[in-house]
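Using the numbering used here, you'd call the opening residue of the sequence shown number 237 and step up by one each time.
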Amino acid sequence: MKTQFGLKSKAMRVLGATTILSTMVLPTVARAADEPQEAMAPSPEPQAAEGEGFGEIVVTATRKAESIQKVPISIQALSADTLAQRQVKGLTDFATLMPSVSFAGISPGRNTPYFRGIVPAGGGRESVGYYIDDIPITGTGLPDIQVYDMERIEALSGPQGTLYGAGSLAGTIRFITNKPKTDRMEFGWDAEVNKYGKGGFGGQYQTFVNVPIADNLAVRAMGFYRRDGGYIDNTPNNGKFNDGKSSTLTLGDNNPNTKYTLDNSSIAKNDYNDIEAYGGKLQVLWQPADGWDVMPQITAQKQIVNGYFGFDPRVGDLEVHDYDTTQLNDKWYQAALSIHGHIGDFDLVSATGYYQRQLKVLNDYTYYTVTYDGFGPGYENYLQFFDKNGCTGSGASLKCTSLINPTQYYSGLRNERKFTQEVRLSTPKSWPFDVTIGGFLHHQTNEVNNDYGIHGLADIVGFTRAGGGDSNPAGFGIPTTQGGTMTLGSPAVKRDAFYMTEQNNYWRDYAVFGEGHYNITPELKLTGGIRYFWTRYKVLGFAGVAGSARNTITSLYVPTGKYGCPIPFPDERLQCINTNFASPDGVGRYREQGETHKVALNWQFTPTKMIYANYSTGFRPGGFNRPLRIRNIGVATVPPFQSEELTNYEIGIKTTWNNMFRFNAAVYYEDWNNIQYSVVVSGAQGAGITGNAGKARVYGIEYDAELKLGKVTISTNGAYNNAKLKGDFCNFAFNPATLSISQLPACTQGLSVVGSSPPTPQVAAADGTRLPRQPEFKGTTSVRYDTSWGDADAYIQGAALYQTGATQDLNVFNGNLYVCPEIAAAETAAGRQCQTPGFVSFDFSAGIKKDNWTFDVFIQNAFDKRGELTKNTFCSITFCSGSSRTFAIKPQFFGVRWGHRY
């Protein structure tokens, strides 16, 4: 069992240690121009002459153009060249190049990034800010923004305290687009053909154009089409489940008339997780007067993602058994208006944004049915449904023989709308200090429609629509004449949904902020800032089964004002609403206000060397929990969960030596309070709540460097994170005396909550438990050789990606179920955490450039390693550990790319 725990091998230890000691690194960073502020058009980029070392590196992370070597925060920037050289197309690609960033999810468009081990496992808000220029795109499952015609991507580690708000608890990722230019015409295109090693073919075409219309007016446009071949096979099950057992469902009571054999042959397909995406961007820059820039822009994309991007090792390498369609149809656009100008000597910036996204999701949910089938008698009404065309007789003589496929599927429709407005005003540059003050508002509405359904459920025996004509008694399950327990009433809430969510969620965020800088001496600068915020949340709608809808106490039928809703629901949304939101009008509410702040001191002791100390805080709003029904007892109240707070203490250095070696590093310590964590409470019929798991602390080091020796450039970066709980994480349980669900005030290892069924361990995770998802060490190293080939420029490059293993859940037993289910109980009892194995993968590329033509060849994960990142399941891990899936880095991937610039 040694390989299950700690660093995976001596080789990993040596590789990590030697990489840190070598300090050769900094991924090639953005060589942006000195622009007045990030939303406007940049000046031409300064470039280093051949053999002269580095060019200037300018970023806008502090809301103004500034050398990356003078910004007193830990920041990494990936330039357009680096993004192209490393074949970065979306989030999962650039996250691998950022050592402090990890991510989790099940496919592109459904992934969430994290920083420095701050990985919340609950709550309704994001922990990482996600920006296109000045405008945030919030959410926990982020769109996969196509990385093309980008000036750079910036990653800001740690809470930003002042300039970024609720979504930036742990860090911020910013996409900085190329802006229109009024002084020249530009046009270019890039085409690529690629293939996964044993998987499918793919390719993409991308193009951009910049057109000056007048001396003060220019237009820039970008468009792309992309298709990725898949690499995971949905293989025929051939009469077996993923665990090698029979695929015959016994449907709870072992009635021979109700057995159903699963067969996925109709949808089995090789390379089934393919992607098709297209979209573009349009920007207009207008300079109506000297010193004023107005830039409207719109970015829009559509992406269709098929299949899961995880595989089941029990089935085979890069193989799964899926029994229903899994697909994400994701379309979104962001419209923005940036205005930059001067009022006297004061600098004014206004950024307005509107974002709309629609996600249509289909998921195979068969393994949920398989899990419930294994629970035995008592669950037959959840699984047994008959086609009315297979029934004879009526009343007591009713006999049904045609069982519909009882397996479940998930169908989701989510509409997101967000409006953002920020205004900033900065003092004149002639003043002995500079101050920026601003205001921010963010209004967000999310319309959620989730169906957990069974195909044909709305048309089963006994289902009678209004004005129906079906003389069979209303019911589902096995008829009593056949020894079953048919239940009267339709199980379909709406459409084919057995369980349905139909809700609207509303968020309102407001903030005012200020940040100032004062030079104590020409070399010593003090920065201070504060942000006051107000956040509001409310939810309205329905969630539950048919029994919940018919309840005459907790469900209100809006058209009549009477309690108890008819089944099925009308087509119009929000006609039936839950009223158990502890509010007379059936609306769940949460509100909060507070402040975050920042203090930094940086000493530029030489023109090319700086040391800084930074203190900053961040927050993530809390939220509302609705009351839950406890089996055979009644309704239990659940308190709201509180906001998370993160405090960061950081010391860093930024140095350049002889314009040929650059080294930056930061050492940090972070305190994380009120960790938000989702739990399924024993006895609550599978329903979940979000609570606060306690405190944690994270300390570590981040570094990046680059060494240029003539034609050879060696780059590396890395991060070591030691992230652990600070105190015991006590479990949540139902208290029958108070009819409430809350966290235990204290916990003792080995004891369980008295009266809970099944027993609830008091200790979910003990003091010192490692936080999940983030590897202890992650880094990349690349070596690039530039040369000439005839009259063309040429290069060859090799790169390594390496990281140690990671645990998968804050709850130790649940985390072990993900990674080592067969021995999870024993390892948990021994106080050990199973973790995914560490890995190393290698990428290679080469290319030539002549005049304005480029041609590149590349291969990623050249030796086809299965670098495991995360694990996931179809339902609660305590029930579905036998069907967990592994999400790994991309398998071997190679291709050719050519392009032209005019």
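Just so you know, even glycine gets a beta-carbon here, dropped at the ideal spot from N, CA and C.
If you follow the alpha helix (DSSP H) that residue i is part of, which residue opens it and which one closes it?
i     : result
T605  : 602-609
F330  : 327-331
D566  : Unbroken run through D566 is the beta strand (DSSP E), 563-579; no alpha helix (DSSP H).
G782  : What sits at residue 782 in the sequence shown is Ala, not Gly. Element bounds for A782: 782-786.
V1048 : 1048-1055
T757  : That residue, T757, is in no alpha helix (DSSP H); it is neither H nor E in DSSP.
I1113 : 1113-1116
When the distance is taken between beta carbons, is residue j closer than 8 Å to residue i?
i     : j     : result
V684  : N599  : no
G1041 : T1072 : yes
N452  : Q519  : no
F855  : L399  : no
A901  : L975  : no
L353  : L1007 : According to the sequence as given, residue 353 is Gly; it is not Leu. Closer than 8 Å, so yes.
N478  : H557  : yes
L943  : I950  : yes
N430  : E387  : no
E831  : I766  : yes
Q382  : Q1096 : no
N1108 : I342  : yes
L1046 : Y913  : yes
N816  : A779  : no
Y496  : N625  : no
G435  : G466  : yes
A313  : V364  : no
G1015 : A955  : yes
L693  : D732  : yes
A1175 : D745  : With the chain covering 237 to 1138 only, the question about residue 1175 has no answer from this structure.
Q537  : A513  : yes
L776  : L661  : no
N473  : I503  : no
R933  : F547  : no
K654  : T374  : yes
In the DSSP assignment, the beta strand (DSSP E) including residue i goes from what residue to what residue?
i     : result
S978  : 976-979
Q533  : 529-542
A1062 : Taken as a continuous stretch (DSSP letters only), A1062 belongs to no beta strand (DSSP E), being part of the alpha helix (DSSP H) at 1060-1065.
T891  : 880-893
A1098 : No beta strand (DSSP E) holds A1098; DSSP gives it neither H nor E.
S315  : 311-315
D1027 : That residue, D1027, is in no beta strand (DSSP E); it is neither H nor E in DSSP.
Identify the residues that DSSP records as bridge partners of residue i: which are they?
i     : result
W770  : Y746, Q829
H1136 : W425, W1089
N816  : BP columns for N816 are empty, so no partner.
S1018 : S951, A1035
E683  : N651, N740
V324  : Note: V324 sits in no beta bridge, so no partner.
P349  : F339
I409  : Y366, A391
T673  : It is worth fixing the name first, because residue 673 is Ile in this sequence and not Thr. DSSP output for I673 lists L661, G750 as bridge partner(s).
K1107 : T1122
L498  : Looking at the DSSP assignment, L498 forms no beta bridge with any residue, so it has no partner.
S586  : I575, V659
T842  : K845
I696  : D623
I511  : D464, V541
Check each candidate in the options and name the one with the smallest Cα separation from residue i.
i     : options                  : result
I887  : W528, L837, K415, N500   : L837
L196  : E942, R550, D907         : Because the chain in this structure spans residues 237 to 1138, residue 196 falls outside the shown range and cannot be described.
P820  : R827, Q840, T832, Y799   : Y799
C966  : D1003, N446, P972, S404  : D1003
E555  : T561, G365, Y544, N686   : Y544
Q811  : P795, I803, R825         : P795
Y935  : L327, P356, S393, A301   : S393
M846  : Y590, T374, P758         : P758
G527  : P806, G515, F582         : F582
Q1010 : E658, R456, P356         : P356
T602  : T1122, R299, G1118, V823 : G1118
Y350  : Q533, R361, S338, G401   : S338
Taking only beta-carbon positions, decide if residue i is within less than 8 Å of chain D.
i     : result
Y1138 : The question asks about chain D, but that chain is absent: this structure has only one protein chain.
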